[in-house]
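Quick note, our numbering runs 3 ahead of the 1-based positions in the sequence shown. By construction, the Cβ of each residue, glycine as well, lies at the ideal position given by its N, Cα and C atoms. Here the structure comes first, spelled out in structure tokens, and everything after it is commentary.
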Amino acid sequence: MTFARNRKAYYDYEILDKFEAGIVLNGPEIKSIRNSNLSIAESRVLVNKGEAWLVGCHVAEYKFDSNTEAYDPIRDRKLLLHKKQIEKLSGARTQKGLTIVPLSVYMKRNFIKIEIALARGKKKYDKRASIKEKDSNRSISRVLKSKNK
Numbered sequence: 004m005t006f007a008r009n010r011k012a013y014y015d016y017e018i019l020d021k022f023e024a025g026i027v028l029n030g031p032e033i034k035s036i037r038n039s040n041l042s043i044a045e046s047r048v049l050v051n052k053g054e055a056w057l058v059g060c061h062v063a064e065y066k067f068d069s070n071t072e073a074y075d076p077i078r079d080r081k082l083l084l085h086k087k088q089i090e091k092l093s094g095a096r097t098q099k100g101l102t103i104v105p106l107s108v109y110m111k112r113n114f115i116k117i118e119i120a121l122a123r124g125k126k127k128y129d130k131r132a133s134i135k136e137k138d139s140n141r142s143i144s145r146v147l148k149s150k151n152k
């Protein structure tokens, strides 16, 4: 079950490599995510001191939480990755033009997982070319669908 998808990442970035990571969350955050009360559109992944962190992800406060402490919905959340994956991400991150973006948040065997990608930013002409390609594929499929009727 997918809770959030970062559609803008596919438009703004060329996806080079994908990884699956776990997220360190507390109880009310998990319940809030299960209600799809999160946004990963403005978030990114940083690698710092051998640890990967999800920065800028907004998880809304769970409305039935009895804990009345101050809650920060945009706090940094640690990502759970293997050491080799973190080394690969940090090594690639040093290259010019590469960044790490979240693609989707989903549940796998009762665990909340996040799919992150090593990506390179697209230029404006690349974005235009991808839009033209989508439009041409859509028109071709429309023609084929009408011929099959």
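{"Asked": "For a quick check, are the C-beta atoms of Lys-125 and Gly-25 less than 8 Å apart?", "Found": "no"}
{"Asked": "Using the Cβ count rule (16 or more neighbours within 10 Å means buried), how would you classify Leu-92?", "Found": "buried"}
{"Asked": "Could you give the residue range of the alpha helix (DSSP H) that holds Asp-68?", "Found": "No alpha helix (DSSP H) contains Asp-68, which DSSP labels as neither H nor E."}
{"Asked": "Do the segment 45-56 and the segment 125-140 touch if we need at least three Cβ pairs shorter than 8 Å?", "Found": "no"}
{"Asked": "Excluding the five sequence neighbours on either side, which residues of its own chain have a C-beta within less than 8 Å of the C-beta of Ser-39, listed in chain order?", "Found": "Phe-6, Ala-7"}
{"Asked": "Do the segment 137-146 and the segment 27-35 make contact, defined as three or more Cβ pairs closer than 8 Å?", "Found": "no"}
{"Asked": "Under a CB-based cut-off of 8 Å, is Leu-28 close to chain D?", "Found": "The structure shown contains no chain D; it is built from a single protein chain."}
{"Asked": "Output the distance between the C-alpha atoms of Ser-107 and Lys-150, rounded to the nearest integer angstrom.", "Found": "36 Å"}
{"Asked": "Measuring from the CB of Ile-143, is there a heavy atom of the ligand FMN at a distance below 7 Å?", "Found": "With respect to small molecules bound, the structure shown includes none, and the ligand FMN cannot be examined in it."}
{"Asked": "Please report the residue range of the alpha helix (DSSP H) in which Pro-105 lies.", "Found": "Looking at the DSSP string, Pro-105 is not in any alpha helix (DSSP H); the run it does join, the beta strand (DSSP E), is 101-111."}
{"Asked": "Alpha helix (DSSP H) containing Asn-11: first to last residue?", "Found": "Position check: residue 11 holds Lys in this sequence, whereas Asn was assumed. Here the alpha helix (DSSP H) through Lys-11 covers 10-15."}
{"Asked": "Ile-27: buried (16+ other C-beta within 10 angstroms of its C-beta) or exposed?", "Found": "The question names Ile, but residue 27 in the sequence shown is Val. Looking at its Cβ environment, which holds fewer than 16 other Cβ atoms inside 10 Å, Val-27 is exposed."}
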